[in-house]
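Undergrad: Numbering (the UniProt record's numbering) for the sequence shown: 1 to 231.
We put the CB at the ideal spot given by N, CA and C, even for glycine.
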Amino acid sequence: MYSSLVRLQNTFGFFTTVAFVIAAFIAASDFASPRAPSVATLKTTSLQVVRGRPHYYSSKKEEYAIIKFSLDANLSSLFTWNTKQVFVYVTAEWPSSGAEGNATNQAVIWDTIITAPSADHLSNLGPASLKKLRKSAAGKSIDPSRGLISLKNQKPKYQITHPSGKIAETQDVRLRLHYNVQPWVGVLAWNQNVDYGRWKRLKGDLSKKFALPALKTKAATTGAAGTGTKA
């Protein structure tokens, strides 16, 4: 005859198995939901390269780039009843020089976290903003409008630097939009390069190539302001 401890272990094991099976079904249900994210606009609006300390903790001066951009994207199909939040970020990418090998340089210039209505309580927002967000999401398990991103002349959160300390006049730079879907149950899903069943690749995620400008110096600024002729 089984002891009380053995019966308790068997009961716990049974419920653990049931919970695991249910969680597996929930995670698998994501593959049945179509995903077709797209980007209508991703372009730069302002480029600047200066020399200084890009961060307050920087120990030396170096060149860094400030890239302002505009973005219009529709990521609403990433939100399902199992979506906890979507992490969205924009990177600047450019090929390495011959001395650096074949690697591609990549730096994040902007990011944001978009929560689903069921995860609003996890948002790092103030009481007033959180109250407004909860009010707009009342009764909704999915809010597709949160996946609509429209940014005009957006300032970057982070400046671009390079280990060499030089970045001015870098050629063939591109902006790229990335996303990371974090579900309540299941694995993290990153933006994909190919179609996978009902999950489609992110279209329009790359901007046109551009070159970073020459280093902006005080001497150049003063010279430009002082040019002119006397009547």
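Are at least three pairs of beta-carbons, each pair with one atom in the stretch 185 to 202 and one in the stretch 19 to 31, less than 8 Å apart?
TA: These segments touch.
Undergrad: Could you pull out every unbroken alpha helix (DSSP H) segment of at least 4 residues lying fully inside the stretch 26 to 51, listed in chain order?
TA: List check, alpha helix (DSSP H) in window: nothing returned.
Undergrad: Rounded to whole angstroms, what is the Cα-Cα separation between Phe12 and Ser4?
TA: Here residue 12 corresponds to residue number 12 of the sequence shown, with the count starting at 1. Here residue 4 corresponds to residue number 4 of the sequence shown, with the count starting at 1. The alpha-carbon atoms of Phe12 and Ser4 are separated by roughly 12 Å.
Undergrad: Could you give the first and the last residue of the continuous beta strand (DSSP E) run that contains Ser59?
TA: In the sequence shown, residue 59 corresponds to position 59, counting from 1. Element bounds for Ser59: n/a, residue is neither H nor E.
Undergrad: Once DSSP output is grouped into helix, strand and coil, what is the label at Leu8?
TA: Within the sequence shown, numbered from 1, the residue matching residue 8 stands at position 8. Correct three-state label for Leu8: helix.
Undergrad: Look up Ile142 in the DSSP assignment and say whether it is helix, strand or coil.
TA: The residue given as residue 142 occupies position 142 in the sequence shown. Looking at Ile142 - three-state DSSP - the assignment turns out to be coil, as it is neither helix nor strand.
Undergrad: Which residue or residues does DSSP assign as beta-bridge partners of Val88?
TA: Mapped onto the sequence shown, residue 88 falls at position 88. Val88 pairs with Thr112, Tyr179.
Undergrad: Within its chain, find whatever has a CB closer than 8 Å to the CB of Arg35; leave out the 5 residues flanking it on each side and keep chain order.
TA: Here the question's residue 35 lines up with position 35 in the sequence shown. The residues are Ser77, Leu78, Arg198, Trp199, Lys200.
Undergrad: Check for me: the alpha helix (DSSP H) holding Leu130 runs from which residue to which?
TA: Position 130 of the sequence shown holds residue 130. Its alpha helix (DSSP H) spans residues 127 to 136.
Undergrad: Output the boundary residues of the beta strand (DSSP E) element that contains Asn153.
TA: As a working mapping, residue 153 is identified with position 153 in the sequence shown. 148 to 154 is the span of the beta strand (DSSP E), which, as asked, contains Asn153.
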